[in-house]
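In mature numbering (1 follows the signal peptide of the UniProt record, and there is no 0), the protein residues as written are -34 to -1, 1 to 212.
Put into structure tokens, the structure is as follows:
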């Protein structure tokens, strides 16, 4: 028995080293290796029991082989991109399950006592991760990729004001695009915020040109055009940035 255990451990260790080189990870009774960015992890399970050990009613061991499936080159917001990732997961699951059965052939090991289908389990695990990524990607893709900056102004013509007429509320809005920015990065988020500030400054200046103080009374509300415009735009920008990190 001791010799069989040593042989099994040696086999596990040797294959673990080889599988790391191949991009996979073999683990006996332990979680899979941490997932990297822009990939899902496909894990193939196998319950192994040596035929000699099984004759003595010894407990089987559970081993897994994992491999990352990348999707950085795919647009998961499209049907084609999602289908390609699904096919990659299926191909990877089939490949690593075949590897497990090569390492633990039925000539030496009993058939899987759980009746668990290796490929089906591996595909299900990978697709659970893939569906979550696809859903998040599509939510982001449905966003308008823009925020609206609005500058407010209360205007009272000097002549009308002398007659006690009520001020009129006017506003000027402009859209700020961010489809070219990666809001999940610090640089992308900072660029959007700067665009909001620049746009707010521009449209407040335009409002002042449209309603010059030579003809209109100063804003009777005391409201600062630039602050209000920036605050409104930043509220939308921060919401978009938060969503980009999910």
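Using N, Cα and C, we set each Cβ at its ideal position, and we do this for glycine too.
Please confirm whether residue 35 and residue 11 have their CB atoms less than 9 angstroms apart. no
Apart from the five residues on each side of it in sequence, which residues of its chain come closer than 8 angstroms, Cβ to Cβ, to residue 124? 181, 182, 183
Of the listed residues 101, 151, 27, 134, nearest to residue 45 (C-alpha basis): 101
Sequence-distant residues of the same chain with beta carbon closer than 7 angstroms to residue 167, five excluded per side: 192
Just list the residues that DSSP pairs residue 292 with in beta bridges. The first residue shown for the chain is -34 and the last is 212, placing residue 292 beyond what the model contains.
Excluding the 5 residues flanking residue 95 on each side, which residues of the same chain have their C-beta closer than 6 angstroms to its C-beta? 6
Please state whether DSSP places residue 143 in a helix, a strand or coil. strand
Please work out which residues of its chain come closer than 8 angstroms, Cβ to Cβ, to residue 74, disregarding the five sequence neighbours upstream and downstream, and give them in chain order. 16, 17
Please state whether the Cβ-Cβ distance between residue 147 and residue 158 is less than 9 angstroms. yes
Check whether the Cβ atoms of residue 103 and residue 140 sit closer than 9 angstroms, and answer yes or no. no
Pick helix, strand or coil for residue 199, following the three-state DSSP scheme. helix
Rounded Cβ spacing between residue 263 and residue 56 (contact assumed at less than 8 angstroms): What is shown of the chain runs -34 to 212, which leaves residue 263 out entirely.
Can you determine whether any heavy atom of the ligand MN sits closer than 8 angstroms to the C-beta of residue 103, and answer yes or no? You won't find the ligand MN in this model; it holds no ligand whatsoever.
Which one or two residues does DSSP pair with residue 118 in a beta bridge? 137
Contact set for residue -4: own chain, Cβ-Cβ below 8 angstroms, skip 5 residues either direction: Interpretation of residue -4 is limited by its pLDDT of 40, a score under 50 that renders its predicted location unreliable; the figure taken from the coordinates is listed afterwards. There are no such residues.
Expressed to the nearest angstrom, what Euclidean distance is found between the alpha-carbon atoms of residue 81 and residue 87? 11 angstroms
In whole angstroms, what is the alpha-carbon distance linking residue -6 and residue 27? Only weak support is given to the placement of residue -6: the predicted model assigns it a pLDDT of 38, under 50, and the question is left unresolved by the model.
Given this structure, state the Cα-to-Cα distance separating residue 189 from residue 174, to the nearest angstrom. 13 angstroms
For residue 5, name the three-state secondary structure that DSSP assigns. strand
Between the Cα of residue 32 and those of 41, 58, 42, spot the shortest distance and give me the residue it belongs to. 58
Counting C-beta neighbours from all protein chains within 10 Å, is the total for residue 9 16 or more, i.e. buried, or is it exposed? buried
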